[in-house]
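To start, the structure under review is shown below, and the notes come after it.
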Amino acid sequence: MSDVVRKVIALSILIIGAGLLWAGRRSYDEAAAAKIEMDATIADAREHAASGDPRLKNAYSFERGGWVYIHLEGDPSSVGFQHGFLLAKEIADAFPAVSTGMMHSTKRDWAFFREVAREKLWPKLDTEYQQELQGIAEGLNARTGSSLDVYDIVALNSFEEVPDYYVPWIDKQQKRPNAPNLKSPGNCSAFVATGSWTKDGQIVIAHNNWTSYMNGERWRIIFDIQPTNGYRILMDGFPGVIASDDDFGINSDGLMVTETTITQFEGWDPNGKPEFMRARKALQYAGSIDDYTRIMLDGNNGGYANDWLLGDRKTGEIAQLELGLKAYKLWRTKDGVFAGSNWARDPKVLKADAPQFDSNNLASSPNARRIRWEELLNENRGRIDVPLAQQMLADHVDSFEKKTGANERTLCGHLENTAPGISIWGWGPYYPGGAVQGKAADSAMTKEMRFTARIGHPCGDNFQAKTFLAAHPEYAWQEPYLRDMNAGPWTVFRAGEASEAAK
Ligand SMILES: [Zn+2]
Numbered sequence: 002m003s004d005v006v007r008k009v010i011a012l013s014i015l016i017i018g019a020g021l022l023w024a025g026r027r028s029y030d031e032a033a034a035a036k037i038e039m040d041a042t043i044a045d046a047r048e049h050a051a052s053g054d055p056r057l058k059n060a061y062s063f064e065r066g067g068w069v070y071i072h073l074e075g076d077p078s079s080v081g082f083q084h085g086f087l088l089a090k091e092i093a094d095a096f097p098a099v100s101t102g103m104m105h106s107t108k109r110d111w112a113f114f115r116e117v118a119r120e121k122l123w124p125k126l127d128t129e130y131q132q133e134l135q136g137i138a139e140g141l142n143a144r145t146g147s148s149l150d151v152y153d154i155v156a157l158n159s160f161e162e163v164p165d166y167y168v169p170w171i172d173k174q175q176k177r178p179n180a181p182n183l184k185s186p187g188n189c190s191a192f193v194a195t196g197s198w199t200k201d202g203q204i205v206i207a208h209n210n211w212t213s214y215m216n217g218e219r220w221r222i223i224f225d226i227q228p229t230n231g232y233r234i235l236m237d238g239f240p241g242v243i244a245s246d247d248d249f250g251i252n253s254d255g256l257m258v259t260e261t262t263i264t265q266f267e268g269w270d271p272n273g274k275p276e277f278m279r280a281r282k283a284l285q286y287a288g289s290i291d292d293y294t295r296i297m298l299d300g301n302n303g304g305y306a307n308d309w310l311l312g313d314r315k316t317g318e319i320a321q322l323e324l325g326l327k328a329y330k331l332w333r334t335k336d337g338v339f340a341g342s343n344w345a346r347d348p349k350v351l352k353a354d355a356p357q358f359d360s361n362n363l364a365s366s367p368n369a370r371r372i373r374w375e376e377l378l379n380e381n382r383g384r385i386d387v388p389l390a391q392q393m394l395a396d397h398v399d400s401f402e403k404k405t406g407a408n409e410r411t412l413c414g415h416l417e418n419t420a421p422g423i424s425i426w427g428w429g430p431y432y433p434g435g436a437v438q439g440k441a442a443d444s445a446m447t448k449e450m451r452f453t454a455r456i457g458h459p460c461g462d463n464f465q466a467k468t469f470l471a472a473h474p475e476y477a478w479q480e481p482y483l484r485d486m487n488a489g490p491w492t493v494f495r496a497g498e499a500s501e502a503a504k
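So the sequence shown is numbered by our numbering: it starts at 2 and just counts up by one.
This is the structure in structure tokens:
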């Protein structure tokens, strides 16, 4: 038991004892009021005692532009503890929203996800990530007394791979009656460009995250991680999750990373390692496109299968790693562009891992956005820079209907106002989802460990939850968690920047 925990317990016993003596002489109502006051006092005492924990040394956070910036440093346990402690409020807010969504779509209870976390995922994690996840649970508990344990945190970390990849696989294996028709998600619009395509001949990378607004509104953390081992990381991310997960990040060896998911991917390897760990490990330890590919392939479990878009600012080379489970393909070039909008293109990957996907249906969201990327990138060849990338992420041209106006086919997606939904992802009519935030960087920014990010729709439009729910009672189950999603300004973040509070 740590000194801090001992101190909190001793202090709590004193306070409770004094409180009981005092409350015993008063009426029931007064005693109840006294208990509330005592609980608050104990919570304050706990937080105060925990804030002296040596593991918190050098960690800090501040808010800017609608984002929460968090600086973490040290060994895995300390990085985790800092994460859990500094983001306790955000984790406490995000956990019920995410877990409700996982249970709703899969028709499984939380005990199921905890068991998968404990029995299937935990044993496959490297020790350093087990320590970091344990640290998150401890930091969260130290700050708030939260009852969430490490398996709740592991289950939270798996929210992109267990519900839509493992569950359909296990439902099929077990021939589960009335199994929900789960579809792998379609997340994001992105590109990476280099050579004659960009203004300065170096790399430009950009990404907007497509997800439900319920989750997306909470995808507002900027992680600056300075680990004892591996490279320094600057990435966007989600409270309580060790990988960027949407994904966008850079590291101090010049690697630039993003992705879009493979639509209609099917498959899972129970012997593989969780995707969230491989993605985090690759950003932390890869100094080259080859390293990145090797780490992602090591224990590939098929979870959250993506087309990874990569850049190495040291060489100016970019790559696309189309990571299926049965097949994969790596393309690379020092003069070209790779775009992503949730479509696989290698014939072997398509056949083996996404057999249902129809590349020829140009009305579908992934294909319509593929065509729009081709138009936009070709029109702007030789001029692409970060300001232009920001505009592209906000693009509202529907290449299929040949008209302008945000919908399910535009690079900046807005589904809530359009009837069709995206059935190949399981997104129904008027689904409250779309592009929830954007990020962009170039080689020069990466050298300085900086990128720019905008919270909310990259176009700047806002989403109003109350108005939406009144019009669409079919989404009433989201009501406790669905909030307004207001866009912030494009905001630059840099690794190691001083706390705003200190300025
Ligand atoms: Zn938009």
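Beta carbons: idealized from backbone N, C-alpha and C, even for Gly. As the structure is a computational prediction, the values presented were derived from the model and not from experiment.
Taking the straight line between their C-alpha atoms, what separation do you get for Tyr293 and Tyr286?
Looking up residue 293 in the sequence shown gives position 292. Looking up residue 286 in the sequence shown gives position 285. Rounded to the nearest angstrom, the two C-alpha atoms are 8 Å apart.
Is DSSP giving Gly140 helix, strand or coil here?
Counting from 1 along the sequence shown, the entry for residue 140 is found at position 139. It is helical.
Taking only runs of the beta strand (DSSP E) that begin and end inside the stretch 266-327, which ones reach a length of at least 3 residues, in chain order?
307-313 and 318-324
Mind checking whether Arg455 and Gln438 have CB atoms under 8 Å apart?
In the sequence shown, counting from the first residue as 1, residue 455 sits at position 454. In the sequence shown, counting from the first residue as 1, residue 438 sits at position 437. Yes, they are a contact pair.
Just the C-alpha distance for Asn362 and Phe192, rounded to the nearest angstrom, thanks.
For this step, residue 362 is matched to residue 361 along the sequence shown. For this step, residue 192 is matched to residue 191 along the sequence shown. Those two C-alpha atoms are separated by around 21 Å.
Whose C-beta lies closer than 6 Å to the C-beta of Asp225 among residues of the same chain, with five residues either side of it excluded?
Position 224 of the sequence shown, counted from the first residue, corresponds to residue 225. Closer than 6 Å at Cβ, skipping near neighbours: His72, Leu235 and Ala496.
Is Pro459 close to ligand 1? I mean its beta-carbon at under 7 Å from any heavy atom of the ligand.
Position 458 of the sequence shown holds residue 459. In this structure, Pro459 has its beta carbon less than 7 Å from a heavy atom of ligand 1.
Just list the alpha helix (DSSP H) runs in the stretch 97-136, keeping only unbroken ones of 4 residues or longer that don't cross its boundaries, in chain order.
Within the stretch 97-136, the complete alpha helix (DSSP H) runs of at least 4 residues are 111-116.
In this structure, how does DSSP classify Ile1 when only helix, strand and coil are distinguished?
Coverage of the chain is limited to positions 2 through 504, which leaves residue 1 absent and any answer about it impossible.
The alpha helix (DSSP H) spanning Pro367 covers which residue range?
Position 366 of the sequence shown, counted from the first residue, corresponds to residue 367. Its alpha helix (DSSP H) spans residues Ser366 to Glu380.
Cβ-heavy atom distance between Ala454 and ligand 1 below 7 Å?
The residue labelled residue 454 in the question sits at position 453 within the sequence shown. Ala454 Cβ: outside cutoff for every heavy atom of ligand 1.
Taking 8 Å as the limit between beta carbons, can you name the residues of its chain near Tyr130, skipping five residues before and five after?
Numbered from 1 along the sequence shown, position 129 holds the residue referred to as residue 130. Result list for Tyr130: Pro77, Ile243, Met278, Arg281 and Lys282, in chain order.
Check the DSSP bridge columns for Leu256 and list the partner residues they point to.
As a working note, residue 256 is residue 255 in the sequence shown. DSSP output for Leu256 lists Asp313 as bridge partner(s).
Return helix, strand or coil for Pro228, following the three-state DSSP convention.
Residue numbering aside, residue 228 sits at position 227 when the sequence shown is read from its first letter. Strand.
Report the rounded CA-to-CA distance for Trp23 versus Thr42, giving the unit in angstroms.
Start at 1 with the first residue of the sequence shown, and residue 23 comes out as number 22. Start at 1 with the first residue of the sequence shown, and residue 42 comes out as number 41. Because the pLDDT of Trp23 is 49, which lies under 50, any placement of that residue in the model is unreliable, and the question is left without a value.
When the Cβ atoms of the stretch 259-276 are set against those of the stretch 106-113, are three or more pairs found closer than 8 Å?
Because the criterion of three Cβ pairs below 8 Å is not met, the stretch 259-276 and the stretch 106-113 do not touch.
Nearest by alpha-carbon distance to Gly317: which of Asp254, Arg177, Pro124 and Leu483 is it?
Residue mapping note: residue 317 aligns to position 316 of the sequence shown, counting from 1. Considering only alpha carbons, the answer is Asp254.
Measuring CB to CB, does Pro186 end up less than 8 Å from Trp426?
What you label residue 186 is simply residue 185 of the sequence shown in a count that begins at 1. What you label residue 426 is simply residue 425 of the sequence shown in a count that begins at 1. Result yes, Cβ atoms of Pro186 and Trp426 sit closer than 8 Å.
Could you check what DSSP says for Trp23 in three-state terms: helix, strand or coil?
Along the sequence shown, one-based indexing puts residue 23 at 22. Residue placement at Trp23 is flagged as unreliable, the pLDDT there being 49, under the threshold of 50; the coordinate-derived value follows with that caveat. Helix at Trp23.
I'd like the list of long-range same chain contacts for Phe469, defined as Cβ closer than 7 Å, with 5 residues on each side in sequence excluded.
Translated into the one-based positions of the sequence shown, residue 469 becomes position 468. Excluding the 5 residues flanking it on each side, Phe469 has same chain C-beta neighbours closer than 7 Å at Glu417 and Pro433, in chain order.
Can you tell which of Ile372, Ser79, Gly66 and Asp40 has the C-alpha that lies nearest to the C-alpha of Arg56?
Position 55 of the sequence shown, counting from 1, holds the residue named residue 56. With distances taken between Cα atoms, Arg56 lies closest to Ser79.
Kindly indicate which three-state DSSP category Thr42 falls into: helix, strand or coil?
Along the sequence shown, one-based indexing puts residue 42 at 41. Three-state DSSP puts Thr42 in a helix.
Any heavy atom of ligand 1 closer than 7 Å to the beta-carbon of Cys413?
As a working mapping, residue 413 is identified with position 412 in the sequence shown. Flag set: Cβ of Cys413 near ligand 1.
Using 10 angstroms around the beta-carbon of Asp399, count the other beta-carbons present and answer buried if the total reaches 16, otherwise exposed.
Within the sequence shown, numbered from 1, the residue matching residue 399 stands at position 398. So Asp399 counts as buried.
May I ask you to verify whether the stretch 384-396 touches the stretch 348-363, counting CB pairs closer than 8 Å and requiring at least 3?
No: the two stretches stay apart, fewer than three of their Cβ pairs being nearer than 8 Å.
Buried or exposed for Phe494, going by 16 or more other Cβ atoms inside 10 Å?
For the purposes of this step, residue 494 is taken as residue 493 along the sequence shown, with counting starting at 1. So Phe494 ends up on the buried side.
Which ranges would you report for the beta strand (DSSP E) in the stretch 384-462 if only whole runs of at least 3 residues count?
Considered as a whole, the stretch 384-462 harbours 434-443 and 451-456 as its complete beta strand (DSSP E) runs of no fewer than 3 residues, in chain order.
In its own chain, which residues sit with a C-beta less than 7 Å from the C-beta of Asp485, not counting the 5 before and 5 after it?
Here residue 485 corresponds to residue number 484 of the sequence shown, with the count starting at 1. Closer than 7 Å at the Cβ level, and outside the excluded window around Asp485, lie Asn463, Phe464, Gln465 and Ala466.
Does the distance from the CB of Glu91 to the CB of Pro275 come in under 8 Å?
Here residue 91 refers to the residue found at position 90 of the sequence shown. Here residue 275 refers to the residue found at position 274 of the sequence shown. No. Outside cutoff.
Heavy atom of ligand 3 less than 7 Å from the Cβ of Ala191, yes or no?
As far as ligands go, the structure on display features ligand 1 and does not contain ligand 3.
Going by beta carbon distance, what residues of the same chain come within less than 8 Å of Gly489, once the five residues before and after it are set aside?
Translated into positions along the sequence shown, residue 489 becomes position 488. Closer than 8 Å at the Cβ level, and outside the excluded window around Gly489, lie Gly66, Gly67, Trp68, Arg455, Ile456 and Gly457.
Taking Lys403 as the reference, give the member of Glu376, Ala420 and His415 with the closest Cα.
Residue numbering aside, residue 403 sits at position 402 when the sequence shown is read from its first letter. Of the candidates Glu376, Ala420 and His415, the residue whose Cα lies closest to the Cα of Lys403 is Glu376.
Going by DSSP in three states, Arg177 sits in which element: helix, strand or coil?
By 1-based counting over the sequence shown, the position of residue 177 is 176. Correct three-state label for Arg177: coil.
Distance check for Asn252 and Gly288, CA to CA, integer angstroms please.
Working through the sequence shown from its first residue, we reach residue 288 at position 287. Working through the sequence shown from its first residue, we reach residue 252 at position 251. Between Gly288 and Asn252, the C-alpha separation is close to 8 Å.
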